[in-house]
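Enquirer: Residue numbering for the sequence shown follows the numbering used here, beginning at 14 and increasing consecutively.
No residue lacks a Cβ here, since even glycine has one placed at the ideal position from N, Cα and C.
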Amino acid sequence: MKLYDDTRAPNPRRVRIYLAEKGISVPLAPISVMTRENRTEAFKKKNSLQQIPVLELDDGTCIAETLAICRYFEVENPEPPLFGKTALEQANVEMWNRRIEFQLLGTVGAYWRNCHELTKALEGRIPEAGEQGKKRAEYILNWLNDDLEGRDYIAGDNFTVADITALCVIDFASFVGISIPETASTLKTWHARVSERPTATA
Ligand SMILES: N[C@@H](CCC(=O)N[C@@H](CS)C(=O)NCC(=O)O)C(=O)O
14 MKLYDDTRAP
24 NPRRVRIYLA
34 EKGISVPLAP
44 ISVMTRENRT
54 EAFKKKNSLQ
64 QIPVLELDDG
74 TCIAETLAIC
84 RYFEVENPEP
94 PLFGKTALEQ
104 ANVEMWNRRI
114 EFQLLGTVGA
124 YWRNCHELTK
134 ALEGRIPEAG
144 EQGKKRAEYI
154 LNWLNDDLEG
164 RDYIAGDNFT
174 VADITALCVI
184 DFASFVGISI
194 PETASTLKTW
204 HARVSERPTA
214 TA
């Protein structure tokens with residue numbers, strides 16, 4: 014088994030933190046996104062969308078999509094539960110993970126793809142779409158701050174994959190120039206709390 018990974022990319026980081034939280038060790042196979050190693054014909058056979066992370070099993074089966082990879086491990090390694098335990102907890106984790114992916118990762122990604130200096134060589138960039146994404150991401154960061162009031166973690170009392178997603182997306186957002194607003198003190202406290210976990214550096 015191996016995990017195709019790039020230490021600078023936010024989605025593979027989500028899987029590395031998840032595995033570290035579970036105490037699971039998987040050999041990493043580095044793929045550089047910046048030098049387009051993921052865009053080769055060989056890698057296309059592993060994931061036709063040519064994105065990472067990809068988990069390759071010993072029989073050659075490949076699983077793409079961060080959450081699908083984490084769920085694969087969750088079935089075999091249910092403790093500690095990172096997707097919730099009860100029906101309500103699981104629904105809450107799913108709700109929050111989707112919110113962070115669609116509302117924040119999607120909008121930060123639009124800014125990154127359409128406006129950032131490091132992606133200027135990409136074809137078909139639409140700067141207006143990027144700026145719109147940035148505005149929405151800033152709105153969502155403030156909304157998340159207000160909603161988090163009174164909770165230690167994104168989906169409730171326990172650390173879950175929704176925290177992993179939010180940590181990686183918020184750190185990536187800060188890298189591309191969209192920071193947690195100065196006034197968002199609840200979100201900043203949460204961010205410090207999850208960043209202090211030893212697994213944050215996985
Ligand atoms: N929905 C996918 C997104 C994967 C993704 O966007 N991966 C990025 C790295 S964080 C990538 O491979 N980018 C390179 C490319 O699209 O060429 C997931 O959750 O795994």
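Taking the CB atoms as reference points, tell me whether aspartate 18 and isoleucine 44 lie closer together than 8 Å.
Expert: Cβ distance < 8 Å, so aspartate 18 and isoleucine 44 count as in contact.
Enquirer: When you compare only the Cα positions, how much space is there between alanine 77 and glycine 122?
Expert: Near 18 Å, if we compare the C-alpha coordinates of glycine 122 and alanine 77.
Enquirer: On the DSSP letters alone, give me the boundaries of the beta strand (DSSP E) that lysine 58 sits inside.
Expert: It is not in any beta strand (DSSP E) - lysine 58 carries neither H nor E in the DSSP assignment.
Enquirer: So for valine 39, helix, strand or coil by DSSP?
Expert: Three-state result, valine 39: coil.
Enquirer: The beta strand (DSSP E) with alanine 77 in it runs from where to where?
Expert: Counting along the chain, the beta strand (DSSP E) containing alanine 77 begins and ends at 75 to 77.
Enquirer: Find out if the Cβ-Cβ distance for the pair glutamate 89, phenylalanine 96 is shorter than 8 Å.
Expert: Contact flag unset, no.
Enquirer: Kindly indicate which three-state DSSP category lysine 98 falls into: helix, strand or coil?
Expert: Here lysine 98 sits in coil by DSSP.
Enquirer: Applying the 10 Å Cβ sphere with the 16-neighbour rule, what's the burial state of aspartate 176?
Expert: Flag for aspartate 176 reads buried.
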